[in-house]
Amino acid sequence: MHSSDNESGAKAGAGSRSIAYKLADAQQEISVAEFFEKNKQILGFDSRSKSLLMGVKEAVDNALDACEEAEILPIINVKIERFEDDDYKISVDDNGPGIVHKAMPNVYGRLLYGSRFHAYKQSRGQQGIGISASVMYGYLTTGQSAHIISKISGEDEVAWEMDIVVDTKNNRPRITNDRAFTWDRDHGTSVEFTIKGRYVTGKQSIFEYLKNTAIVNPHAYITFQDPDGTKWTFENATEITPVKPKEIKPHPEGMEIGDLMKFAHSSNQKDVQSFLRNEFSRVTKRIADEILELAGVNPKTSPKKLTRDDCANIIKAIGKVKIMAPQTDCLSPIGDTLIKKGLMHVMDGLRPDYYATPVTRNPRTVNGNPFVVEAGIVYGGEIPSDGQVNILRFANRVPLLYQQGACAVTKAISDMDWRRYGLEQRGGKGIPYGPAIIMVHVASTKVPFTSEGKEAIASYPEILNEITAALRLCARNLKSHLNKIERRSKTRAKFDIVQKILPDLAIKTAKYLNRPVPALDRTITKIMNVVWIEPSVEKINKNERRYTYTIYNYTDKVRNFGLHAHLPKESVNLALFSDPCFKEMDDNGRAFWEIRELQPSVTTVITFELKGEMADTFAEEDIYISGISPVIVMGADPLPGDWGLEGLEITEEEEYSVEDNDEDEEDEILEDDEFEKEAKE
Amino acid sequence: MSDKNEGALNSLTGIVDGLYADLDKGNIPAMEVALRSKRNIEFNPGTGVWNYGSLTSARTAKTVKGAMMLLRTVYTADFIKGMLESNKSSTLREMYYISEGWNNAKFQTQDESVILAEDLEILTGYMREDFKLRPEEDGARIYGDLTLTELTRKGEKKKMNCIDDVGDSGYGIPYNVGPEKIEFKNCNAKFVIAIETGGMFDRLVENGFPERHDALLVHLKGQPTRGTRRFIKRLNEELGLPITVFTDGDPWSFRIYASVAYGAIKTAHISDYLATPAAQFIGITPSDILNYDLPTDKLTDKDKGALNAELSDPRFKDEFWENEIQAMIGMGKKAEQQALAKYGLDFVTDTYLPEKLTDMGIL
Chain A
417 MHSSDNESGA
427 KAGAGSRSIA
437 YKLADAQQEI
447 SVAEFFEKNK
457 QILGFDSRSK
467 SLLMGVKEAV
477 DNALDACEEA
487 EILPIINVKI
497 ERFEDDDYKI
507 SVDDNGPGIV
517 HKAMPNVYGR
527 LLYGSRFHAY
537 KQSRGQQGIG
547 ISASVMYGYL
557 TTGQSAHIIS
567 KISGEDEVAW
577 EMDIVVDTKN
587 NRPRITNDRA
597 FTWDRDHGTS
607 VEFTIKGRYV
617 TGKQSIFEYL
627 KNTAIVNPHA
637 YITFQDPDGT
647 KWTFENATEI
657 TPVKPKEIKP
667 HPEGMEIGDL
677 MKFAHSSNQK
687 DVQSFLRNEF
697 SRVTKRIADE
707 ILELAGVNPK
717 TSPKKLTRDD
727 CANIIKAIGK
737 VKIMAPQTDC
747 LSPIGDTLIK
757 KGLMHVMDGL
767 RPDYYATPVT
777 RNPRTVNGNP
787 FVVEAGIVYG
797 GEIPSDGQVN
807 ILRFANRVPL
817 LYQQGACAVT
827 KAISDMDWRR
837 YGLEQRGGKG
847 IPYGPAIIMV
857 HVASTKVPFT
867 SEGKEAIASY
877 PEILNEITAA
887 LRLCARNLKS
897 HLNKIERRSK
907 TRAKFDIVQK
917 ILPDLAIKTA
927 KYLNRPVPAL
937 DRTITKIMNV
947 VWIEPSVEKI
957 NKNERRYTYT
967 IYNYTDKVRN
977 FGLHAHLPKE
987 SVNLALFSDP
997 CFKEMDDNGR
1007 AFWEIRELQP
1017 SVTTVITFEL
1027 KGEMADTFAE
1037 EDIYISGISP
1047 VIVMGADPLP
1057 GDWGLEGLEI
1067 TEEEEYSVED
1077 NDEDEEDEIL
1087 EDDEFEKEAK
1097 E
Chain B
36 MSDKNEGALN
46 SLTGIVDGLY
56 ADLDKGNIPA
66 MEVALRSKRN
76 IEFNPGTGVW
86 NYGSLTSART
96 AKTVKGAMML
106 LRTVYTADFI
116 KGMLESNKSS
126 TLREMYYISE
136 GWNNAKFQTQ
146 DESVILAEDL
156 EILTGYMRED
166 FKLRPEEDGA
176 RIYGDLTLTE
186 LTRKGEKKKM
196 NCIDDVGDSG
206 YGIPYNVGPE
216 KIEFKNCNAK
226 FVIAIETGGM
236 FDRLVENGFP
246 ERHDALLVHL
256 KGQPTRGTRR
266 FIKRLNEELG
276 LPITVFTDGD
286 PWSFRIYASV
296 AYGAIKTAHI
306 SDYLATPAAQ
316 FIGITPSDIL
326 NYDLPTDKLT
336 DKDKGALNAE
346 LSDPRFKDEF
356 WENEIQAMIG
366 MGKKAEQQAL
376 AKYGLDFVTD
386 TYLPEKLTDM
396 GIL
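Protein sequences, first through last, are from chains A and B. Counting in the working numbering, the first sequence runs from 417 upward without gaps. Counting in the working numbering, the second sequence runs from 36 upward without gaps.
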């Protein structure tokens, strides 16, 4: 993307609020319907398939936000029905906290209701134009009213239902059939509305949207029924609700002139100095004075009286004053463990070989807004390997399905040289090829988008750097996994020699010569010259697995060494502690086994079991060794430097590796192509 | 069992014995075979042909490939032992199919079985015929005034003149062309033209070239088989006929000539037996392409690679070949021998060959 795009992106990034207010202003002169017609594109209703998706998205995002606010594990049911003339009915119900009766009309029947201008908080709702816009679009295109049911929790509460249409002349809800009734649930909301649309499958479909939503919201239980009546269920992968994001005051550096004017004019502060101090974060009296002096604005001015020029000067002054970066503890990233769980849960059908340990970066800021980047990579299995990798983009736990090419995520991926991480990529640029899914989540109090459509994250250098850093870490994990696979296949090859070929050779030569079959121990030891560690996993029950590591000493020396694994500590059971080689496990779940006096040509075994929700977060190949030269061990890596080793008495012995240079044994006759001519004719 | 067969069997048993001893002593089984590469062929001034040099490649059980080779060697030795003991023989292709029952030692391609048979020849100093292995490929066709007898499978010596007693396509030689099978009786031909393509062979027959110039034609069929090369060598050594080779003008054809005259890299252990150092190259040479202004095709990337490989092939290390190869790289073109038809169907027999053969002092 060009830098000019970045700038426009920055402005556009000011968010739905500016356009929202434009929209509200516009009501004075033209009807909302007209405005809609003119601005369909930027509002996201530019195609029928997208309009339908938008309707679902607004309702689902609202439901997830509401549940998160109330710390409820969401259960969301989505249903699409097809009627004549491309009319589709969208039904979404949730078990959220519900909406009080009084507020229902405005939430669904009034554009921009509930946009609290000064609330800066990581939320799904900041994307898109709001559920009321979809309801209105539905009414404009089909003439059908929306049907809403909601009930809030409480002994005395009843459920309310009503039909709502948006009065497009003055942006007010019009209610019919408003009545209370007894609903069979404790709390929740149901919304049904009809919209002109087109139902599609594939990458930009409702199914894809919900599937991806399930990945980044592993706590949500989502069902979906498509127009043909087929029903899917995305069960929740965890019962841990996300940490509620904190609301913070805006940071001055993110302000744009329009925002600042609206903000100032709606402020109740008595003067502009206290307006700056009290309604922004990180602004002290000293800083407020400094800004106002530079801007040439009298600190005693009422914020309601600020002119456009005043605001412009204040913004200019903000750029010159050094202000502390915004607080970053207000964000709620998904976290590496839950990303992995979400990915595993949803991608399981593809049976991937590997989930690279996801990465959650530390928060950074861009334009006065804190943001955090998270990334994960899924590799192998039945993921198609012949095309470009699949990129999953998310902003504040909402999937982005459109405008992939314009997005910072795509740019960061394209700018990385993936060849060194084991993926194919032409010329080391562009979207890489291979059986991989790359997932990136950007969470922020205000995600900067390239345009009002909010489909692509703007390519600010700060954001690109963070995405790149997160991807590098994931990619490094992927590469080390691929290396492991390669090493393992080499070991496997040696194993084939000693287990299959050599015994055959011994039997066959003995038979030919009519002599006894020779013992192979010493030959095998010479060929392998490794300590070989082979993992195996046995699924005992759902969420219960037994891990067994078979350790073969194929060297001619007695071996002593340590084995280490980082286990989900709440998942271990007695099997771990009763293993004779087991020594200890620390508070973080780092377990340690000691292998003593393993004789040449002798095999030993360690086992443990993992049970419960976190059992599948441990990958069996993540086993480490200490106290032995890594060059003579196959199947485990040396302990990483940051493992925090204490009290290990085993000393490392010097040993140089016997590298086999004869792996590439030449078969030069073939290479010479001497008989090519025969093939040619 | 003949002495040769007996010797071959003892030699094979020696190989198996060596591998057994390695295992018994707790060593890694291994054997060494001459490195079969252009890096390892040497000119033998005594015989005028190219043989393997002193470089060897180790087959060891340290690699899957090496271990597999050793296992196949033993299985093959055992199979040959069985054939020798029961007086049977098989084709290389049959052996490839028989290996289906060898479990891990099974050949993946027929090439593997051919290469292994050649390895055994190198290791033992015996020929594959001594192991009762034969190729299924048929040999060349010949046409010209040569009278010979062939010992048929029925045990009778059948006498034939290779013009009068054969049809247009000539006499097809068997895979075994040793003196016990084929005896030369009478020869009025004055020289031999070994021809790469069937089309050119037929052109010369149709134009009456063999009769007119007392030529004996041999159709090489691309890279000539062992039998064809052995047959040509016998014509040269026993009948004293000058040998000429007439091929396409492309890098692969140069290799055909090299295998006839110098010995092939693949069979350098038996070059003494197969190669005819006196054989001369008629063309098409790159100079012919220019001198006769022949229609050409562009060299492909593979062609270019082959030419460059030839520059580092010791067999082509002389002034003639270096100049011709460089010339071809320079012009970037190649030509088929049938491109001579540009000047009419008789041009090759009336003009091109007489001119070239006169230059060589044969006509």
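Cβ atoms here follow ideal geometry from the backbone N, Cα and C, with glycine treated the same way.
Under 7 Å by beta carbon: chain A residues contacting residue i
{"i": "D113/B", "result": "K924, Y928"}
{"i": "D52/B", "result": "L929"}
{"i": "I63/B", "result": "T939, K942, I943"}
Per-residue burial, residue i [other beta carbons within 10 Å of its own, 16 or more giving buried]
{"i": "D745/A", "result": "exposed"}
{"i": "A935/A", "result": "exposed"}
{"i": "K368/B", "result": "buried"}
{"i": "M66/B", "result": "buried"}
{"i": "L325/B", "result": "exposed"}
{"i": "D332/B", "result": "exposed"}
{"i": "Y161/B", "result": "buried"}
{"i": "K256/B", "result": "buried"}
{"i": "E500/A", "result": "exposed"}
{"i": "Y132/B", "result": "exposed"}
{"i": "T723/A", "result": "exposed"}
{"i": "V1021/A", "result": "exposed"}
Assigned secondary structure, residue i (DSSP; H/G/I helix, E/B strand, else coil)
{"i": "G1063/A", "result": "With a pLDDT of only 36 at G1063/A, under 50, the local geometry of the prediction cannot be trusted, and no value is derived from it."}
{"i": "L400/B", "result": "What is shown of chain B runs 36 to 398, which leaves residue 400/B out entirely."}
{"i": "Q444/A", "result": "Confidence is the limiting factor: at Q444/A the pLDDT is only 48, short of 50, which leaves the residue's position unreliable and the question unanswerable from this model."}
{"i": "S465/A", "result": "helix"}
{"i": "M671/A", "result": "coil"}
{"i": "D38/B", "result": "helix"}
{"i": "T781/A", "result": "strand"}
{"i": "T98/B", "result": "coil"}
{"i": "E1013/A", "result": "strand"}
{"i": "N694/A", "result": "helix"}
From the options, residue whose alpha carbon lies closest to that of residue i
{"i": "V688/A", "options": "G1051/A, E663/A, I730/A", "result": "I730/A"}
{"i": "L334/B", "options": "D348/B, G365/B, W356/B", "result": "G365/B"}
{"i": "E272/B", "options": "I198/B, D173/B, A310/B", "result": "A310/B"}
{"i": "D510/A", "options": "R601/A, I622/A, D501/A", "result": "R601/A"}
{"i": "D594/A", "options": "T826/A, A575/A, L887/A", "result": "A575/A"}
{"i": "I564/A", "options": "F461/A, G525/A, R540/A", "result": "G525/A"}
{"i": "S306/B", "options": "G379/B, K116/B, L127/B, R265/B", "result": "R265/B"}
{"i": "Y637/A", "options": "F650/A, T826/A, L839/A", "result": "F650/A"}
{"i": "M36/B", "options": "L119/B, E185/B, L105/B", "result": "L119/B"}
{"i": "G213/B", "options": "R238/B, I198/B, Y206/B, L270/B", "result": "L270/B"}
{"i": "Q804/A", "options": "I622/A, A991/A, L708/A, G846/A", "result": "G846/A"}
{"i": "F451/A", "options": "L556/A, M470/A, K518/A, L480/A", "result": "L556/A"}
{"i": "L54/B", "options": "S124/B, F382/B, R94/B, E357/B", "result": "R94/B"}
{"i": "K400/A", "options": "D38/B, N138/B, A313/B, K39/B", "result": "Chain A is shown from 417 up to 1097; residue 400/A falls before or after that span and cannot be answered."}
{"i": "T187/B", "options": "M195/B, S204/B, E164/B", "result": "M195/B"}
Residues that residue i contacts on chain B, provided the C-beta gap is smaller than 9 Å
{"i": "I917/A", "result": "A96, V99, A102, M103, L105, L106, N139, A140"}
Chain-ordered chain B contacts of residue i [CB-CB under 7 Å]
{"i": "A886/A", "result": "Per Cβ cutoff of 7 Å: no residues; A886/A is ~40 Å from chain B at best."}
{"i": "I913/A", "result": "A96, V99, A102"}
{"i": "A909/A", "result": "V99"}
Where residue i meets chain A, residues with beta-carbon distance less than 9 Å
{"i": "V109/B", "result": "D920, L921, K924, T925, Y928"}
Beta-carbon separation (whole angstroms), residue i vs residue j, contact threshold 8 Å
{"i": "V494/A", "j": "V516/A", "result": "The Cβ separation is near 24 Å, so there is no contact."}
{"i": "Y625/A", "j": "V863/A", "result": "Y625/A to V863/A, Cβ: 17 Å. No contact."}
{"i": "L918/A", "j": "T939/A", "result": "7 Å"}
{"i": "P787/A", "j": "A741/A", "result": "Residue identity differs from the one stated: residue 787/A is Phe in this sequence, not Pro. Wrong, their Cβ atoms sit about 12 Å apart, outside the cutoff."}
{"i": "H897/A", "j": "A772/A", "result": "7 Å"}
Chain-ordered chain B contacts of residue i [CB-CB under 8 Å]
{"i": "P934/A", "result": "Y55, L58, D59"}
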